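>
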Amino acid sequence: MKGITVLGATGSIGVSTLDVLARHPHDYQVIALTANRQVQRLVEQCELHQPMYAVMADEKAADQLHSEFKSRGLEHITILTGVTGLEKVAALPEVDYVMAAIVGAAGLTPTLAAAKSGKRVLLANKEALVMSGALFMNEIKANNAELLPIDSEHNAIFQSMPYDYDGSMQQKGVKKILLTASGGPFRTTDLQQLDTVTPAQAVAHPNWSMGQKISVDSATMMNKGLEVIEARWLFNATPQQIEVVIHPQSVIHSMVQYVDGSVLAQLGNPDMRTPIAHALAWPQRIDSGVADLDMFAVARLDFEVADWQRFPCLRLAYEALERGGTATTVLNAANEIAVDAFLNETIGFLSIPTVIERTLELATIAEISSIEALLACDAEARNIAQALIKDIG
Ligand code: NAD
Ligand code: MG
Numbered sequence: 403m404k405g406i407t408v409l410g411a412t413g414s415i416g417v418s419t420l421d422v423l424a425r426h427p428h429d430y431q432v433i434a435l436t437a438n439r440q441v442q443r444l445v446e447q448c449e450l451h452q453p454m455y456a457v458m459a460d461e462k463a464a465d466q467l468h469s470e471f472k473s474r475g476l477e478h479i480t481i482l483t484g485v486t487g488l489e490k491v492a493a494l495p496e497v498d499y500v501m502a503a504i505v506g507a508a509g510l511t512p513t514l515a516a517a518k519s520g521k522r523v524l525l526a527n528k529e530a531l532v533m534s535g536a537l538f539m540n541e542i543k544a545n546n547a548e549l550l551p552i553d554s555e556h557n558a559i560f561q562s563m564p565y566d567y568d569g570s571m572q573q574k575g576v577k578k579i580l581l582t583a584s585g586g587p588f589r590t591t592d593l594q595q596l597d598t599v600t601p602a603q604a605v606a607h608p609n610w611s612m613g614q615k616i617s618v619d620s621a622t623m624m625n626k627g628l629e630v631i632e633a634r635w636l637f638n639a640t641p642q643q644i645e646v647v648i649h650p651q652s653v654i655h656s657m658v659q660y661v662d663g664s665v666l667a668q669l670g671n672p673d674m675r676t677p678i679a680h681a682l683a684w685p686q687r688i689d690s691g692v693a694d695l696d697m698f699a700v701a702r703l704d705f706e707v708a709d710w711q712r713f714p715c716l717r718l719a720y721e722a723l724e725r726g727g728t729a730t731t732v733l734n735a736a737n738e739i740a741v742d743a744f745l746n747e748t749i750g751f752l753s754i755p756t757v758i759e760r761t762l763e764l765a766t767i768a769e770i771s772s773i774e775a776l777l778a779c780d781a782e783a784r785n786i787a788q789a790l791i792k793d794i795g
């Protein structure tokens, strides 16, 4: 029986995780569930999964949760709040696995808390790794924690790497990582029309159902940019060893190319329960509830080159990675602010890369020395991006 904390339980990944866990009640025990403000959904999840702790990051929402628990007879569940509550449930001694599924920078310190206490970290929250890079990887290593990728591409790469992969591509005969991307909803949209696309159009992903922020990231392809950076750290690859391949069907979730000409791929229906089940059970396999892939229904697989003209966010991500230090922290912070402004209809779709590029020009880029320096850099980049948005809007 493994104890598990689900950070971001009420989100898209959180809900998929609980679906997989419910299929294996004798193997996993839910110790803690967390959310930001979604009281109703968290209450329902607590009724079903009976955790020991429920965390509401938002204090007002935590008050609401108290009264809901009272009226539903759930008072035996301890309620915590704020970042300290999130960090606490990520580090509890009865917790073996932590699903890191908070969206954005807010997930960094709770995920780090899991790493520092030597848990198996199931990493969906790519922003945490993008902003902290080596610092995060060092905490994993120093504390004997396990890091298993949930992002479907990275999970596919993990599965396609040599079983004894130790972070040295050359010695293991690995030539390249082929990171697949669907191209999102605007892969073939007329470039002139991109200026006027609405948030509703941007979040309507052709293959995946996901949270709002990652859906916009998929439309700009910043999601793939963040994933290039994520792959750099997870697999110790150089930017040149990571190639983005557009594959509109999202059936191949990524590939690894070897020196002998072999290419290994992982395929499946686009359903996050597959990588979630893989990371939970690894190195074993468990049922995820995902339907078998029907190759005859898929019928064909297409591949295209990623167009940096159409998707400038991809270029910005590679450039930030090459620049190193806190450049990727700034990239991530500016993107979060710009995406938020786009979703609030303060700026247009094409202003997202503009805000990020200008923020990268104006922000201080330094080596990552400590978590405090990292958070200060993140805050500075957010202020710069906000000011730029004010000018545009
Ligand atoms: P979502 O918006 O559906 O859910 C986000 C979760 O985080 C919610 O539970 C929310 O309550 C919580 N949260 C938000 N802000 C918070 C804050 N300030 N403090 C504490 N909790 C907060 O997002 P999602 O689509 O589930 O994505 C979660 C993460 O997984 C993201 O980093 C995303 O990039 C990554 N991811 C998602 C998918 C997918 O299919 N949805 C695929 C790959 C990777
Ligand atoms: Mg992905």
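With the numbering used here applied, the sequence shown has no gaps in its numbers, which climb one by one up to 795 at the end. Here a beta-carbon is modelled for each residue, glycine too, at the ideal position from N, C-alpha and C. Keep in mind that this is a model prediction, so the values were computed, not measured.
For Leu752, does the three-state DSSP call read helix, strand or coil?
Three-state DSSP puts Leu752 in coil, outside helix and strand.
> Where does Ala606 fall in DSSP's three states?
Coil at Ala606, not helix or strand.
> Are the beta-carbon atoms belonging to Thr407 and Ala492 less than 8 angstroms from one another?
Yes, the Cβ-Cβ distance between Thr407 and Ala492 is below 8 angstroms.
> Residues in its own chain within less than 6 angstroms of Gly726 by CB, not counting five upstream and five downstream?
Closer than 6 angstroms at Cβ, skipping near neighbours: no residue.
> Have a look at Ala679, Asp696, Ile758 and flag the residue whose alpha-carbon is nearest the alpha-carbon of Arg717.
The residue with the shortest Cα to Cα distance from Arg717 is Ile758.
> Give every residue whose Cβ lies closer than 6 angstroms to any heavy atom of the ligand MG, listed in chain order.
Cβ-based neighbours of the ligand MG within the cut-off: Asp553, Ser554, Glu555, Glu629.
> Unbroken alpha helix (DSSP H) runs of length 4 or more, entirely within the segment 713–782: which are they?
Segments of the alpha helix (DSSP H) lying fully in the segment 713–782: 714–725, 729–745, 753–764.
> Closest to Ala736 by C-alpha separation, out of Val605, Val576, Ala765, Ala464, would be which residue?
Considering only alpha carbons, the answer is Ala765.
> Since Trp635 and Leu550 are thought to touch, with beta carbons under 8 angstroms apart, how far apart are those beta carbons, to the nearest angstrom?
Wrong, their Cβ atoms sit about 14 angstroms apart, outside the cutoff.
> Flag Gln614 as yes when its Cβ comes closer than 7 angstroms to any non-hydrogen atom of the ligand PLP, and as no otherwise.
Of the ligands one can find in the structure shown, namely the ligand NAD and the ligand MG, none is the ligand PLP.
> Arg425 and Asp689 look like a contact to me (Cβ under 8 angstroms); what is the Cβ gap, rounded to whole Å?
Correct: roughly 6 angstroms between the Cβ atoms.
> Indicate the three-state DSSP secondary structure (helix, strand or coil) for Arg687 in the structure shown.
Residue state, collapsed to three classes: coil.
> Report the option in Ala517, Pro608, Val485, Thr622 whose CA atom is closest to the CA atom of Arg712.
Nearest of Ala517, Pro608, Val485, Thr622 to Arg712, Cα basis: Thr622.
> Less than 7 angstroms separating the Cβ of Asn527 from some heavy atom of the ligand NAD?
True, at least one ligand heavy atom lies under 7 angstroms from that Cβ.
> With burial defined as no fewer than 16 other Cβ atoms inside 10 Å of the residue's Cβ, what is the status of Ala503: buried or exposed?
So Ala503 counts as buried.
> Which residue comes first and which comes last in the alpha helix (DSSP H) that contains Gln447?
Residues 441–451.
> Relative to the C-alpha of Val741, which candidate in Cys779, Ile616, Thr513, Ser570 has its C-alpha closest?
Closest by alpha carbon: Ile616.
> Using the beta-carbon count (16 or more within 10 Å), is Leu695 buried or exposed?
Answer is exposed; the Cβ neighbour count stays below 16.
> Would the segment 540–554 count as touching the segment 511–531 if we require 3 or more Cβ pairs under 8 angstroms?
Contact between the segment 540–554 and the segment 511–531 is present, because at least three Cβ pairs lie under 8 angstroms.
> Comparing alpha-carbon positions, which option in Ser584, Lys577, Val618 lies nearest Val661?
Looking at the Cα atoms, Lys577 is the closest of the given residues.
> Could you compute how far the alpha carbon of Glu449 sits from the alpha carbon of Glu489?
Each residue's alpha carbon lies about 23 angstroms from the other.
> In this structure, how does DSSP classify Gln573 when only helix, strand and coil are distinguished?
Gln573: coil per DSSP, three-state reduction.
> Distance, Cα to Cα, Ala536 vs Phe698?
Whole-angstrom Cα-Cα distance: 43 angstroms.
> Excluding the 5 residues flanking Gln668 on each side, which residues of the same chain have their C-beta closer than 6 angstroms to its C-beta?
Contacts found: Ala558, Gln561, Ser562, His655.
> According to DSSP, is Pro650 part of a helix, a strand, or is it coil?
Correct three-state label for Pro650: coil.
> Check whether the segment 423–437 touches the segment 623–630, counting contact only when three or more Cβ pairs, one atom from each stretch, lie closer than 8 angstroms.
The segment 423–437 vs the segment 623–630: no contact.
> Any heavy atom of the ligand NAD closer than 7 angstroms to the beta-carbon of Leu488?
Leu488: yes, Cβ under 7 angstroms from the ligand NAD.
> What residue does the alpha helix (DSSP H) around Gln561 start on, and which one ends it?
Taken as a continuous stretch (DSSP letters only), the alpha helix (DSSP H) holding Gln561 covers 554–562.
> Would you mind working out which of Asn609, Val532, Ile644 sits nearest Ile579, comparing C-alpha positions?
Of the candidates Asn609, Val532, Ile644, the one whose C-alpha sits nearest the C-alpha of Ile579 is Ile644.
> As a quick exercise: from Ser534, His468, Val432, Asp673, pick the residue whose alpha carbon is nearest that of Met454.
The candidate whose alpha carbon is nearest that of Met454 is Val432.
> Measuring from the CB of Gly410, is there a heavy atom of the ligand NAD at a distance below 7 angstroms?
Indeed, a heavy atom of the ligand NAD lies less than 7 angstroms from the Cβ.
> Where do the N-terminal and C-terminal ends of the alpha helix (DSSP H) with Val422 fall, by residue?
That run of the alpha helix (DSSP H) goes 414–424.
> Residues in the same chain with beta-carbon distance under 6 angstroms from Ala783, minus the five sequence neighbours each way, listed in chain order, please.
Cβ neighbours of Ala783 beyond the five flanking positions: Val732, Ala735, Ala736, Thr761, Ala765.
> Could you have a look at Ala789 and say whether DSSP puts it in helix, strand or coil?
Looking at Ala789 - three-state DSSP - the assignment turns out to be helix.
> Taking C-alpha atoms, which residue in Gly475, Gln440, His468, Leu435 lies nearest to Val457?
That would be Leu435, whose Cα lies nearest to the Cα of Val457.
> Thinking just about the alpha-carbon of each residue, which of Glu461, Lys462, Ala459, Ile479 is nearest to the one in Glu446?
When each option's Cα is compared against that of Glu446, the closest is Ile479.
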